[in-house]
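Reviewing the structure listed below.
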Amino acid sequence: MAYLAVLEAINKNLIKKGILEKELSKSADEYRKVLRKCFAVHNGKLLKEFEILYNSLHIYGYYRGGIYNVHAVKDYLAAARDFINKLSVVL
């Protein structure tokens, strides 16, 4: 769920920037391109954070079921929340 919240936050911010809903990203690669193009003000830090969240939450947590530690889950949720908050500041 946290990974989907990250994607939804990116989408909402893109819509605020004037991107049409039908033009929104459909893949992780497209999200990477959008982060490079539209949110470059953070010198790639947002892209790096996206990569960490993608790999941790989506790949390792969802596909591989590898997150068992409660503290790790809390840390990843906090990281997702921080990422979402940074996106809203960019605008």
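In the working numbering, the protein residues as written are -9 to 81. Quick reminder that beta carbons are idealized off the backbone N, C-alpha and C, glycines included.
Which listed residue (the options) has its alpha carbon closest to that of residue i
i	options	result
Lys38	Leu4, Ala(-8), Leu(-3), Phe73	Phe73
Ala68	His48, Tyr58, Leu43, Ala30	Leu43
Met(-9)	Arg71, Leu77, Leu36	Arg71
Val24	Ile49, Leu(-3), Lys64	Leu(-3)
Leu77	Ala30, Asn59, Gly51, Asp65	Ala30
Asp19	Leu47, Phe40, Tyr53, Arg54	Phe40
Residue i, enclosing alpha helix (DSSP H) - first and last residue
i	result
Phe40	35 to 43
Leu(-3)	-8 to 6
Assumed close pair residue i, residue j - CB separation to whole angstroms, cut-off 8 Å
i	j	result
Asn3	Leu14	Their Cβ separation, rounded to whole angstroms, is 11 Å, which puts Asn3 and Leu14 out of contact at 8 Å.
Phe6	Cys28	It should be noted that the sequence gives Lys, not Phe, for residue 6. Actually they do not touch by this definition, with Cβ atoms about 10 Å apart.
Local conformation of residue i per DSSP, three classes
i	result
Leu25	helix
Arg136	There is no way to answer for residue 136, as the model of the chain reaches only from -9 to 81.
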